[in-house]
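The structure under discussion appears below in the form of structure tokens.
Protein chains in written order, with our numbering: chain A, 1 to 328; chain B, 329 to 585.
Here you go:
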């Protein structure tokens with residue numbers, strides 16, 4: 001039995017179906033390091049634990065608990081929840097941090113329901129007071145800030161991807177192999193997995209520092225290329241309003257808003273987006289908002305730091321030329 | 329086959345939504361209450377299966393009594409019956425209590441398949457389907473963008489940033505669906521009239537055997553709440569032929585380009 005720090009924070013790091021450490025790892029360990037001593041749990045395929053553990057230590061994990069199993073790529077959620085339950089019993093952490101991804105939420109939900117632990121979802125920050133860990137949330141599209149805490153026991157927290165900027169210092173690699181206790185719970189089978197092959201050089205929308213989004217004002221899928229050109233000029237990720245997605249200009253994975261991705265970039269450029277409340281709910285926490293729309297009464301101007309009333313098809317090409325000239 | 333669809337009354341996202349800064353609870357009077365769209369899509373999945381197969385569709389919701397009108401829309405759309413768990417003790421319930429209450433209601437009603445939306449528009453938690461699967465001791469298939477329901481199994485695909493996963497499980501199971509699935513049907517006049525005669529069961533926590541005041545179970549509590557000042561508009565100009573250049577200048581000035 002190893003001793004873990006009394007202020008341990010257990011972080012479940014996600015491993016992608018292709019066997020890499022998920023990008024959310026650095027932010028989760030960063031968040032953990034702000035409120036305690038980060039211990040990481042990684043569940044990998046056979047023979048992959050050491051490599052992933054080294055990456056986890058480099059990202060700030062003081063200890064790395066590893067589970068090597070092929071079950072996690074054959075069965076949904078349950079193997080991860082079982083590994084987490086075993087790790088929590090070993091570490092007795094003040095909090096468990098998990099990425100607020102689809103799989104992360106499922107593992108958090110199963111674990112919290114199984115153990116009766118308090119669950120805080122979609123946290124954007126963490127702090128600690130004399131009574132324990134506090135999760136900070138931004139709710140109703142960023143209109144309210146809410147804090148939550150557990151009445152007692154370990155707080156299970158899912159952390160919004162890209163919300164925590166803090167990063168932990170690299171630590172020496174200390175690995176501990178864990179034998180998870182199988183719960184025997186029924187699980188869905190993962191029958192196949194097809195990895196995304198299209199490797200885009202553009203930044204991912206989630207967690208991007210700059211986002212250029214297009215709306216119905218673009219008029220067609222062909223015209224949406226204008227959004228892509230400006231995004232590439234700025235090194236930005238591509239977003240879209242639901243109207244643009246519904247009109248088929250761009251796939252749903254680019255949708256920003258209430259029912260899409262929530263972003264908090266340094267710069268958000270809205271092109272031909274009217275700014276329905278549902279869209280604003282996904283982007284109004286951006287540091288700087290620039291909007292171009294031909295309708296002077298478009299609600300997007302109510303939140304824009306810099307708005308131009310006019311035609312996107314003349315303004316945006318001019319903007320791209322001006323930025324390109326500056327680069328020369 | 330018995331399919332339970334979980335639905336939720338939420339404040340309409342087309343209007344302003346408010347939280348009560350005293351209690352931290354949703355201010356239900358501040359906005360138009362509507363049935364959450366993703367729950368309607370979940371109901372559509374169940375109804376379109378029931379259109380072609382032998383299946384009984386039940387809508388279930390944990391909500392204050394006055395939400396009955398909203399839940400009734402599910403009956404008008406075509407569900408055979410509704411179950412509402414309403415109890416003063418559930419006001420401000422955290423995820424754990426909500427999951428225990430719904431799981432107890434689902435067990436009492438009986439089920440082969442539970443269908444929920446992947447994320448509500450108000451809480452955006454997205455954890456209840458997995459919590460229910462754990463408590464009901466059945467598989468979870470969450471965030472499905474396609475669904476195939478068979479007599480004794482359910483399958484579907486989940487698309488993430490990394491790729492596409494094919495999932496399957498024998499019934500009983502809990503699934504959640506994304507808005508990639510089709511829009512829900514509109515209730516027609518015949519459906520609205522028929523809804524008035526359909527069974528609508530209202531249960532309390534003691535009916536389902538859950539104690540909302542059980543302090544031996546850890547709960548998540550709200551410790552603070554503040555309203556962010558609304559974002560104020562900045563500069564708005566009308567393009568006079570140099571709009572693009574003006575934006576470029578703004579971006580460069582603010583070190584954003």
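From the three backbone atoms N, C-alpha and C, an ideal C-beta is built for every residue, glycine too.
Just so you know, these numbers come straight off a predicted model, no measurement behind them.
9 Å or more divides the Cβ of residue 52 of chain A from the Cβ of residue 32 of chain A. Taking a C-beta distance under 9 Å as the contact criterion, residue 240 of chain A and residue 497 of chain B do not qualify as a contact pair. Per the coordinates, the alpha-carbon of residue 492 of chain B lies some 14 Å from the alpha-carbon of residue 252 of chain A.
For residue 207 of chain A, there is no enclosing beta strand (DSSP E), as DSSP marks it with neither H nor E. For residue 377 of chain B, the enclosing alpha helix (DSSP H) stretches over residues 365 to 380.
Per DSSP, residue 106 of chain A is one residue of the alpha helix (DSSP H) stretching across 102 to 115.
One thing to note: residue 501 of chain B has its Cβ within 9 Å of the Cβ of residue 466 of chain B.
A Cβ-Cβ contact shorter than 9 Å links residue 27 of chain A with residue 167 of chain A. Ranked by how close their Cα comes to the Cα of residue 160 of chain A, the residues A:136, A:172, A:114 have A:136 in first place. The DSSP-derived three-state label of residue 256 of chain A is strand. Within the stretch 506 to 537 of chain B, those residues whose Cβ lies closer than 7 Å to any Cβ of chain A are, in chain order, 507, 508. With 16 or more other CB atoms across the displayed protein chains lying within 10 angstroms of its CB, residue 101 of chain A is buried.
Proximity of the stretch 85 to 103 of chain A to the stretch 399 to 415 of chain B falls short of the contact definition, fewer than three beta-carbon pairs being nearer than 8 Å. In the DSSP assignment, residue 33 of chain A falls within the unbroken alpha helix (DSSP H) covering 25 to 35. Residue pairing by DSSP places residue 564 of chain B opposite A:307 in a beta bridge. Of all alpha-carbon atoms in A:114, A:113, A:211, A:55, the one lying nearest the alpha-carbon of residue 234 of chain A is that of A:211.
Residue pairing by DSSP puts residue 409 of chain B in a beta bridge opposite B:386. Taking the beta carbon of residue 277 of chain A as reference, the chain B residues within 8 Å of it are 341, 342, 343, 344, listed in sequence order. Taking a beta-carbon distance threshold of 9 Å, residue 109 of chain A counts as an interface residue toward chain B. Here residue 216 of chain A carries a helix assignment [DSSP, helix/strand/coil].
Here residue 175 of chain A is bridged, per DSSP, to A:64.
The beta carbons of residue 114 of chain A and residue 85 of chain A sit about 7 Å from each other, so the pair counts as a contact at 8 Å.
Between the beta-carbon of residue 530 of chain B and that of residue 414 of chain B there is about 6 Å, and that keeps the pair under the 8 Å contact cut. Within the same chain, 366, 369 come within 7 Å of residue 507 of chain B by CB-CB distance, once the 5 residues on both sides are set aside. For the options B:373, B:487, B:510, the alpha carbon positioned closest to that of residue 478 of chain B is the one of B:373. Annotation: residue 130 of chain A has no Cβ neighbours in chain B at a cutoff of 7 Å; minimum Cβ distance is about 13 Å. Pairing residue 183 of chain A with residue 78 of chain A gives a Cβ-Cβ distance under 9 Å. One thing to note: residue 146 of chain A has its Cβ no nearer than 9 Å to the Cβ of residue 157 of chain A. Against residue 467 of chain B, the close residues of chain A are 75, 76, 77, 78, 185, 186, 187, 188, 189, in the order they occur along the chain (beta-carbon pairs closer than 9 Å). It is roughly 8 Å from the alpha-carbon of residue 339 of chain B to the alpha-carbon of residue 358 of chain B. Under the criterion of beta carbons closer than 8 Å, residue 371 of chain B and residue 407 of chain B qualify as touching, at roughly 7 Å.
For residue 534 of chain B, the enclosing alpha helix (DSSP H) begins and ends at 533 to 536. Residue contact check for residue 577 of chain B against chain A: a CB pair falls below 9 Å. Taking a Cβ-Cβ cut-off of 8 Å, the neighbours of residue 147 of chain A in chain B comprise 550, 551, 552, 553, given in sequence order. Counting only the Cα atoms, residue 259 of chain A lies some 17 Å from residue 274 of chain A.
A direct Cα-Cα distance of roughly 39 Å separates residue 106 of chain A from residue 517 of chain B.
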